[in-house]
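J.:
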Amino acid sequence: MSKWSKMPKWLKYTIWPAVACIVVAAVIMFMVGYFGFISEQSDTDAERNLKETYTQVSNSFGKLMRRNWSILESCRDYIELSDNYDSVTPQKVTPKEFIESKKEYWGFTDLYFLDAERNYYSFTEDKQGDKPLENGSQTLIDANKPIMAGETIGSLKVTMFAVAAKGEYNGFAYTAIGISYTNTDMAKALNADAFGGTARSFILRADGNVLLSAQRGGGAMDNYFDYLSGMLDDETIDGIRADLTALCADCEELAPAADAYGYLPYTFRGEQRCIIYMPIGYEDYALLSDVPFTAVSHGFLLAQRATMRVLLIIFSVVIAAVIAVLIVYIVTQSKHNRKELQYRERMFDVLSNNVNDIFLMLDPQTQKVEYISPNIERLLGIKLKDARANIRTMASCAVDCNIIVPNEELQAIPIGSSRDWECEYMHQATGERRWYRVAIYHMSIQGMEKYVIVMSDRTLDKRLNKQLQEAFDAAQSANEAKSNFLSNMSHDIRTPMNAIVGFSVLLERNAGDEELVREYTRKIMASSHHLLSLINDVLDMSKIESGKTSLNVEPFSLPDLLEEIKIIILPQAKAKEQDFSIRTQGVPPDELMGDRLRLNQILINLLSNAVKYTQLGGKIEFIVQKIEESGQFCKLRFLVKDNGIGMSEDYVKEIFLPFSREKNSVVNKIQGTGLGMAITKNLVDLMGGIIEVESAPGKGSTFTVELSFTHVQEGAEDAWFRQHITRMLVADDEEDICLNIREVMRGTGIDVSYVTDGAAAVETAVKAHEHKSDFHVILLDWKMPGLDGVETARRIREKVGKDVPILVLTSYDWSDIEQEAREAGINAFMPKPFFTSTFFQTIRPLFAEAPQMKAEEPPAEGALNGRLFLVAEDNELNAEILQEMLAIEGARCELATNGKIAVDMFSNAAPGYYDMILMDVQMPVMNGYEATRAIRASSHPEAQTIPIVAMTANTFAEDVKNALDAGMDAHLAKPIDMDAVRTTVARILEKREKGETN
Amino acid sequence: MKPYLPLALAVAASLALAGCGGKTNDPDALTILGKKSDLTKPYMTEIFEHYQETTGEKLKIRSVEDAEYENEALRLLGTDEAPDILLHFHNADLNRFNVEENFLYFNDAPWADELTDSARAYCTDASGNLLGLPFWESSVSGCYYNTKLLKGFGIPSTQEDFDGMCESLLDKGITPIFWPAGCSWMAQFGLDPVFADAPNGPETLAKLNAKEIKYEDISSVTDMVTWIANAAKKGWFGKDFLDKGWDDISPALASGKAAMTFIWDTWFYTDFKDGTYTKDDFALMPVFMNTAQRGTYEGGNLNMMMVNKNSAKKEIAIDFLEFCAAPENYNVAFNGISTVSVFKGQTTNIQSKMVTDAKSSIEKYERVSTASTKIVGYSADDMMNALNALFRGEITVDACVKRMDENRLAKARAEGAEI
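First to last, the protein sequences are chains V and F.
Numbered per my numbering, the first sequence spans residues 322 to 1319.
Numbered per my numbering, the second sequence spans residues -14 to 404.
(1) Cutting at 6 Å between CB atoms, please list the residues of its own chain near Ala1 of chain F, excluding the five before and the five after it.
(2) What whole-angstrom Cβ distance do Val1192 of chain V and Leu1128 of chain V have, given they're in contact under 8 Å?
(3) Between which two residues does the beta strand (DSSP E) containing Lys131 of chain F stretch?
(4) Using a cut-off of 8 Å between C-beta atoms, extract the partners of Arg537 of chain V located in chain F.
(5) Just to confirm, is the Cβ distance from Met682 of chain V to Leu701 of chain V under 9 Å?
(6) Classify Phe959 of chain V as helix, strand or coil using the three-state DSSP reduction.
(7) DSSP three-state call for Arg393 of chain F: helix, strand or coil?
(8) At the level of alpha carbons, what is the spacing between Val676 of chain V and Glu698 of chain V?
(9) May I have the straight-line CA-CA distance separating Ala485 of chain V from Ile597 of chain V, to the nearest angstrom?
(10) Rank V:Tyr426, V:Gly602, V:Asp543 by C-alpha distance to the C-alpha of Thr132 of chain F and give the top, closest one.
(11) Of all the CB atoms in chain F, is at least one closer than 9 Å to the CB of Lys478 of chain V?
(12) May I ask you to list, following chain order, the residues of the region 522 to 551 of chain V that have a beta carbon less than 7 Å from some beta carbon of chain F?
(13) Per DSSP, Asn530 of chain V is paired with what?
(14) With a threshold of 8 Å on Cβ separation, who are the neighbours of Met968 of chain V within its own chain once the five nearest residues in sequence on each side are excluded?
(15) Assuming Arg594 of chain V and Tyr584 of chain V make a contact with CB atoms under 8 Å, what is their CB distance in whole Å?
(16) Give a yes or no on whether the minimum CB-CB distance between Gly117 of chain F and chain C is below 9 Å.
(17) Let me see if you follow: with CB-CB separation under 9 Å, is Thr505 of chain V close to chain F or not?
(18) Excluding five sequence neighbours on each side, which residues of the same chain lie with their C-beta closer than 8 Å to the C-beta of Asp367 of chain F?
(19) Going by other Cβ atoms of all chains shown within 10 Å of its Cβ, with 16 needed for buried, is Cys722 of chain V buried or exposed?
(20) Does the pairing of the region 1262 to 1279 of chain V with the region 1304 to 1312 of chain V give three or more beta-carbon distances under 8 Å?
(21) Can you confirm whether the region 942 to 962 of chain V touches the region 900 to 915 of chain V when touching is taken to mean that 3 or more C-beta pairs between the two stretches lie within less than 8 Å?
(22) Would you kindly work out how many angstroms separate the C-alpha atoms of Glu55 of chain F and Phe74 of chain F, rounded to a whole number?
(23) Give me the Cα-Cα distance between Ile203 of chain F and Gly186 of chain F, rounded to the nearest whole angstrom.
(24) Phe253 of chain F versus chain V: which residues are under 7 Å apart at the beta carbon?
(25) Cβ of Gly158 of chain F versus every heavy atom of the ligand ATP: is any distance shorter than 8 Å?
(26) Establish whether the CB of Arg562 of chain V and some CB of chain F are separated by less than 9 Å.
(27) Does Asn370 of chain F come out as helix, strand or coil in the three-state DSSP assignment?
(28) Please confirm whether Phe88 of chain F has its beta-carbon closer than 9 Å to some beta-carbon of chain V.
(29) Would the beta-carbon of Met776 of chain V fall within 9 Å of that of Ala750 of chain V?
(30) Leu(-8) of chain F CB to nearest chain V CB: under 9 Å?
(31) For the 8 Å Cβ check, are there 3 or more pairs between the region 1185 to 1205 of chain V and the region 1225 to 1241 of chain V?
(32) Nearest by alpha-carbon distance to Asp256 of chain F: which of F:Pro271, F:Asp232, F:Val206, F:Thr333 is it?
(33) Taking the alpha-carbon positions, what's the Phe147 of chain F to Phe546 of chain V distance?
(34) Quickly, what does DSSP pair Phe163 of chain F with across the bridge? List them, please.
(35) Leaving out the 5 sequence neighbours to the left and right, which residues in its chain are closer than 8 Å to Met818 of chain V when beta-carbon positions are compared?
(36) Could you run through the region 589 to 601 of chain V and flag, in chain order, every residue whose CB is less than 9 Å away from some CB of chain F?
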């Protein structure tokens, strides 16, 4: 392995940049040093260059001064001589002509005659000046030597050279003569074009006052040091002034030393300039030039620039090479890093898309989202861009918690620490719920504070925990239920069993005492019935809860159902002297499709309870309401109201739970399994309905059951018209019932008039009779205040006669008043509630025949007398009991110990030999269903007509259905209830006699 | 000046006018016709009042709305309601009044020598006739400069020196001349020498007004525009002068950002606000604009009292002018008024130190305001419009000169001049 490969990674990454930096630094240092050297050389060169240039200018100016003085001296001689022109010398030109010729030749502007008072006489203007000169003349006069001075003639600034002279010109007595030059004229002497005309050159005094300026347009410059104020600091200017004064003082007249000069480089507004000054050898006059540095060292600067250019090229190449290396290195590294980054990002995205954890990074100051894993859209249904734009959008999916922690709480998390909590979130689109453990880490990443949020998915854990908890709860509940069930069953079974066993013992001991035997037997039977109902309920409950219960939907008559219910409940209510009434509201249909047995069971349960838990003389109302109808569907509400003992609020909450019974002294004395309401609730649920209860202790209870049915289309009602019934009178003290009857009869073509008491009924009927428009039917409530139904009927008969059929509508058993009613002229009774079908069936015979009281159904008593039954029963004990019971009823039976034998016995019997077959279901060899099918399928003449009744311990609705499906005519549950046997047999036989079959 | 003072003066003037003849129906009263704004000047109302109080004579001051003045005055002049005295500036509009026919000359008036040279020159026509008595406030327009910023310089005596000075100032980082493009009057100072200086100026002016020549035929005009263009190009007017206007002059000068501007002395007392530099830091030199080698000043425009030659009361009118020209009277009227002296004996007016200090130079180089008053169709704004196009590089110097002339002619035509 090479040394390079052994080198630490950090060193590999830093070595090349370090080398590059060192190279660049070295080059820069070299160039700085080089340019410093060049600059120094350039400065020296500039100074030397300037000195040489302006030494020459100074010398030239000295020559100019001397030349001008020389000119003046020659002029002076001539002008002085010219005074004697005519007498001394024979000159050919006048002085004026002489001066004009010299002026043109030498180029001065004007010649002046000066006196001691500084007055002057202008040769050109040929007149004396307005005011004296300011400078020069006095010096001239005092020193008697040539002078040079700056003067202002009129408004024009000039440089004047003068020499002493004496004479008079045009009457002006002069002591000196001078010639003047304008600034423009003199500029040439100062080499104004030097350094490309960029130099500002002056002849000035040591105090800065300008005599003349070489600069074009420099005539306005008065004092150069004043001008420099602001460009150089005062101290520097004072230094120049002092230096210049000293140089001038040390200078010999018109012979300045070669090294008598000053040099000052300076920079103003980014421009490098240099000032050079030197005495000119006349008084304190000096030559000063202010030159741009670039102009002085132009050649040097060119060389410098060329060198710089070469160096720059070299440096650029080196730098370019270094940069190229760096770029290659950086690009390589960048590619590597980018690939690494892409790989990581890809990996992270893949991970993110395949895990259910969410990652975010926030800026602590702005809470701006700097990173968020893309799976947020999949997991929470929040668009990535929305979450990026505003972290608060996440709060919308939080359920009862918030991801947005207040700033102060966030800031309270120290760097390096975290805070976590659990939160439930709901997917924005699907509503799916997920649990997350949200952890906020406050950390420093490369010196920058960040909040990193990790949302770990805990949904599976939560669901598992929940399932476990539910399973645990269910197991616990089941265990409790089992314990409760066993406890309840133990108690509830032992209680009647205790009575049975106890009274059986007492019966054995007191077998001789007929009264005690009867008493004990009655109590044993009561306990047996209770035990039987308990077992039935337990089995029912078990069947329902196991989901094996199904509905047997078939057409049924609601009036029939209500009549059956009334038959069952009315005696119970009557036994407790309770006021039991049945009403309908909203015209419920007569014919419905539904499970009649289950509905019956529900309503009987509710009404039995109402009777059971209502005190003597209490009131029980059973109301059937049609609350909704749409097409063939209608919804009925069954209300069972009582003013009984009621229930506590706590008990109402658990009334539908199995084995629930309110614990109070009254209820405790009432027998019950505690399963009735649970079964009822389950049946209602099974039928897709709802059951509710309102109750309060001492204020009674109201149970409401709402169920939907399909109603069977009823036939046309023009039958009423065919019977010539168009008007009827109804009398009931409850107006609602009257109105209901009117509503029910709507559409039948019958005009219903009603009154609410008996007297009004009499009056109305009589009036109609007197107007020869008798009602076709009069319907009277039995129990009305004032005149009751019977009395009302009697009075109507007295006035109207016996042609009008009068019916009594009642919820009560009318057997007690039947005789009295017949005598009063009542034709028939009708049960409440009022149904058109019942009404029609009741009234049709009255119109078909002469009005007469309909005969009551034959009592079931004696229905078994003389009958011969084929009994299929494998259990000898049961067979014996049945045989004995039938014998008691005057009937006989032949036994078959299984279905096969029963089939054979029937097949072999002559037609009409057996009146009926009582068939057990569960039997060896051939069960009851198979036997029935075999009989129905046999060739026996009575195969189709022989009544077969199931007599079995299989008591569920399915069992009933199976029995009927097998071809049986009815179903009787074991243990055998002889009343039921009598009723069923009587009904079947009656039908058979009428020629009806199932 | 306190803000309510102008209002008070105006009210006072109105009262004075009303009291001194505005409602007078005296047939002997001398009628003076003038613009409403002119007649309400405090020194005018003062002299009217002073005259009436002193002499017992009555004056009927008849003022006309400014906008209607020229036409109304012309109309009245040919009627029985012609005024005895007419107030008018010596400008191009005066040509419409046929001065020779309608007004007296005052060449030999006793007060003629009482006028300063510049005032007299202003009131004198091309034939040397004194047209009226200038009774107005005056000022001197020139190059006002910051003495501290120009330390080290003397007064330039030539255009070349002035240019050199500008260059040196620029080298020092100082904007030499503040010439806001929004201020149109400056160029007219350069034109005065072209049309005022004898012998060629008046002749050139006459030819120009007669449409015989154009600006482009006058080389001095081109010289001036060339100089302005070069100055702008070199940066003598500053970098952003195109965006500047009247309100920027005071801050530029007071802060020292610029060293000079072409303006008039009274401006320092009305608009200048002291800053780093105060008005005492300023002095006056001639304007150099390449049209006068020694530079130029522009004298003020003066309202003249002209006497109706055809008036029955012209003798009284002449007496009135003599009254006004008497030192004891004009010094009453101009007492405390900021103005350059119009009369030699004027002592009660307030003259700026700047003007006083430059008195000898002014005397030499002051010229009557010629361009704005005597060139038909001249408009400083139109001229500046052309110059601004030049500054923006949209046109050349020659095109600029041409456009100046086109603008002038267009304005003249719009004003109904026969040109």
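Heads up, the beta-carbon is just placed ideally off N, CA and C, and yes, glycines get one too.
T.: With the given structure in hand:
(1) As a position in the second sequence, residue 1 of chain F is number 16, starting the count at 1. A caution first: Ala1 of chain F carries a pLDDT of 39, below 50, which makes its placement in the model unreliable, though a value can still be read off. Around Ala1 of chain F: Thr30, Glu34.
(2) By 1-based counting over the first sequence, the position of residue 1192 of chain V is 871. By 1-based counting over the first sequence, the position of residue 1128 of chain V is 807. Actually they do not touch by this definition, with Cβ atoms about 44 Å apart.
(3) Here residue 131 of chain F corresponds to residue number 146 of the second sequence, with the count starting at 1. Note that residue 131 of chain F is Asn in the sequence shown here, rather than Lys. Note, Asn131 of chain F: beta strand (DSSP E), 126 to 131.
(4) As a position in the first sequence, residue 537 of chain V is number 216, starting the count at 1. Chain F residues near Arg537 of chain V: Glu145, Gly149.
(5) As a working mapping, residue 682 of chain V is identified with position 361 in the first sequence. As a working mapping, residue 701 of chain V is identified with position 380 in the first sequence. A distance of 9 Å or more separates the beta carbons of Met682 of chain V and Leu701 of chain V.
(6) Working through the first sequence from its first residue, we reach residue 959 of chain V at position 638. Phe959 of chain V: strand per DSSP, three-state reduction.
(7) Here residue 393 of chain F refers to the residue found at position 408 when the second sequence is read from its first residue. The three-state secondary structure of Arg393 of chain F, taken from DSSP, is helix.
(8) Within the first sequence, numbered from 1, the residue matching residue 676 of chain V stands at position 355. Within the first sequence, numbered from 1, the residue matching residue 698 of chain V stands at position 377. Looking at the two C-alpha atoms, the distance is approximately 13 Å.
(9) Numbered from 1 along the first sequence, position 164 holds the residue referred to as residue 485 of chain V. Numbered from 1 along the first sequence, position 276 holds the residue referred to as residue 597 of chain V. Approximately 34 Å between the Cα atoms of the pair.
(10) As a working mapping, residue 132 of chain F is identified with position 147 in the second sequence. It is V:Asp543 whose Cα lies nearest to the Cα of Thr132 of chain F.
(11) Along the first sequence, read from residue 1 onward, the residue named residue 478 of chain V stands at position 157. Put simply, the CB of Lys478 of chain V is near chain F, with a gap under 9 Å to one of its CB atoms.
(12) Gln536, Arg537, Gly538, Gly539, Gly540, Ala541, Met542, Asp543, Asn544, Tyr545, Asp547, Tyr548, Ser550, Gly551
(13) Numbered from its first residue, the first sequence carries residue 530 of chain V at position 209. Answer is V:Asn544, bridged to Asn530 of chain V.
(14) To locate residue 968 of chain V, count along the first sequence from 1; it is residue 647. Result list for Met968 of chain V: Ile976, Glu983, Val1014, Ser1016, Ala1017, Pro1018, Ser1022, in chain order.
(15) What you label residue 594 of chain V is simply residue 273 of the first sequence in a count that begins at 1. What you label residue 584 of chain V is simply residue 263 of the first sequence in a count that begins at 1. About 12 Å; that fails the 8 Å criterion.
(16) No chain C is part of this structure, whose protein chains are labelled V and F.
(17) Here residue 505 of chain V refers to the residue found at position 184 when the first sequence is read from its first residue. Yes, its Cβ sits closer than 9 Å to a Cβ of chain F.
(18) Looking up residue 367 of chain F in the second sequence gives position 382. Within the same chain, Asp367 of chain F has close Cβ partners Met389, Asn392, Arg393, Ala395, Lys396.
(19) Within the first sequence, residue 722 of chain V is the residue found at index 401, counting from 1. Cys722 of chain V should be labelled exposed.
(20) yes
(21) yes
(22) Taking the first residue of the second sequence as position 1, residue 55 of chain F is located at position 70. Taking the first residue of the second sequence as position 1, residue 74 of chain F is located at position 89. C-alpha separation (whole angstroms): 11 Å.
(23) Looking up residue 203 of chain F in the second sequence gives position 218. Looking up residue 186 of chain F in the second sequence gives position 201. Distance between the alpha carbons of Ile203 of chain F and Gly186 of chain F is about 10 Å.
(24) On the second sequence, position 268 is the one that residue 253 of chain F refers to. From the beta-carbon of Phe253 of chain F, no residue of chain V is found nearer than 7 Å; the closest lies around 23 Å away.
(25) The ligand ATP is not among the ligands present in this structure, which contains no ligands whatsoever.
(26) Stepping through the first sequence from its first residue, residue 562 of chain V is reached at position 241. It does not: the Cβ of Arg562 of chain V has no partner Cβ on chain F nearer than 9 Å.
(27) Reading the second sequence from its first residue, position 385 is the one you call residue 370 of chain F. Residue state, collapsed to three classes: helix.
(28) For the purposes of this step, residue 88 of chain F is taken as residue 103 along the second sequence, with counting starting at 1. Closer than 9 Å: no.
(29) For this step, residue 776 of chain V is matched to residue 455 along the first sequence. For this step, residue 750 of chain V is matched to residue 429 along the first sequence. Taking 9 Å as the cut-off, the Cβ atoms of Met776 of chain V and Ala750 of chain V do not count as close.
(30) Your numbering for residue -8 of chain F matches position 7 in the second sequence. Note on Leu(-8) of chain F: pLDDT 36, under 50, position unreliable in the model; the coordinate value appears next. Interface criterion not met: the Cβ of Leu(-8) of chain F is under 9 Å from no Cβ in chain V.
(31) yes
(32) As a first step, residue 256 of chain F is located in the second sequence; it is residue number 271 there, counting from the start. In this structure, F:Asp232 is the residue among F:Pro271, F:Asp232, F:Val206, F:Thr333 with its C-alpha nearest to the C-alpha of Asp256 of chain F.
(33) On the second sequence, residue 147 of chain F is found 162 positions in, with the first residue counted as 1. On the first sequence, residue 546 of chain V is found 225 positions in, with the first residue counted as 1. Cα to Cα, the separation comes out at about 19 Å.
(34) Working through the second sequence from its first residue, we reach residue 163 of chain F at position 178. Partner(s): none; Phe163 of chain F has no beta bridge.
(35) What you label residue 818 of chain V is simply residue 497 of the first sequence in a count that begins at 1. Excluding sequence neighbours, Met818 of chain V sits near Ser848, Leu852.
(36) Taking 9 Å as the Cβ-Cβ cut-off against chain F, the residues of the region 589 to 601 of chain V that qualify are Phe589, Arg590, Glu592.
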